[in-house]
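Asker: Numbering (this note's numbering), first residue to last: 1 to 144.
Glycine is no exception: its CB is placed at the ideal position from the N, C-alpha and C atoms.
Fair warning: this is a prediction, and the values are worked out from it, not measured in the lab.
1) Return the chain-ordered list of same chain residues with a C-beta closer than 6 Å to the C-beta of residue 66, the five sequence neighbours on each side being excluded.
2) Please report the residue range of the beta strand (DSSP E) in which residue 82 lies.
3) Identify the continuous beta strand (DSSP E) that holds residue 54 and give its terminal residues.
4) Give the range of the alpha helix (DSSP H) segment to which residue 15 is assigned.
5) Counting along the chain, where does the alpha helix (DSSP H) carrying residue 107 start and finish?
6) Is residue 98 closer than 9 Å to residue 72 when the C-beta atoms are compared?
7) Helix, strand or coil for residue 131 per DSSP?
8) With C-beta atoms as the reference, is residue 9 less than 9 Å away from residue 60?
9) Alpha carbons only, please: which of 21, 84, 56 is nearest the one belonging to residue 101?
10) To the nearest whole angstrom, what separates the beta carbons of residue 28 and residue 38, a pair I think is in contact under 8 Å?
11) Could you check which residue in 18, 133, 70 has the C-alpha nearest to that of residue 103?
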């Protein structure tokens, strides 16, 4: 699976903890009983490795659902408001499991981003108004 495909996924806490346990010990969990399930489990973690007690794939740390918000907040406070797309590209280069949509939702809820975001102005339409009495007439056609 490519890094792009992996970056579009989210990873549960169970996936990350099972992966760390499997890669450290080599033991498949007890709920995996049949040989076909075992083969699927082993191929699921092919390409993953452990670095500093965290699951990594392709040089990027795999982020579970539980710690995603903490990582977003820590980096946003450290870097500041650099914009939604630049912030996502920065995170994408370091982590897997944080989607563009989740990053956009996080940035949109930040006060600093809301204050620095330009105000959307509505287009003002000029009404048709008469400058003197009886200048404009209107009639509705009636089917007879």
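Answerer: Reading from the atomic positions:
1) Along the chain shown, read from residue 1 onward, the residue named residue 66 stands at position 66. Same-chain partners within the cutoff: 13.
2) As a first step, residue 82 must be located in the chain shown, where it is residue number 82. It is not in any beta strand (DSSP E) - residue 82 carries neither H nor E in the DSSP assignment.
3) For the purposes of this step, residue 54 is identified with residue 54 of the chain shown, where counting begins at 1. Start and end: 54-57.
4) To locate residue 15, count along the chain shown from 1; it is residue 15. Its alpha helix (DSSP H) spans residues 13-25.
5) Looking up residue 107 in the chain shown gives position 107. Per DSSP, residue 107 belongs to the alpha helix (DSSP H) from 100-108.
6) Locating residue 72 in the chain shown gives position 72, counting from the first residue. Locating residue 98 in the chain shown gives position 98, counting from the first residue. Yes, the pair counts as a contact, with Cβ atoms nearer than the cut-off.
7) Walking along the chain shown from the start, residue 131 turns up at place 131. Coil, per DSSP.
8) Residue 9 sits at position 9 when you count from the first residue of the chain shown. Residue 60 sits at position 60 when you count from the first residue of the chain shown. Not in contact: residue 9 and residue 60 (Cβ atoms no closer than 9 Å).
9) Within the chain shown, the letter at position 101 stands for residue 101. For the residues 21, 84, 56, the minimum Cα distance to residue 101 belongs to 84.
10) As a working note, residue 28 is residue 28 in the chain shown. As a working note, residue 38 is residue 38 in the chain shown. Residue 28 to residue 38, Cβ: 6 Å. Contact.
11) Within the chain shown, the letter at position 103 stands for residue 103. Among 18, 133, 70, the Cα nearest to that of residue 103 is on 70.
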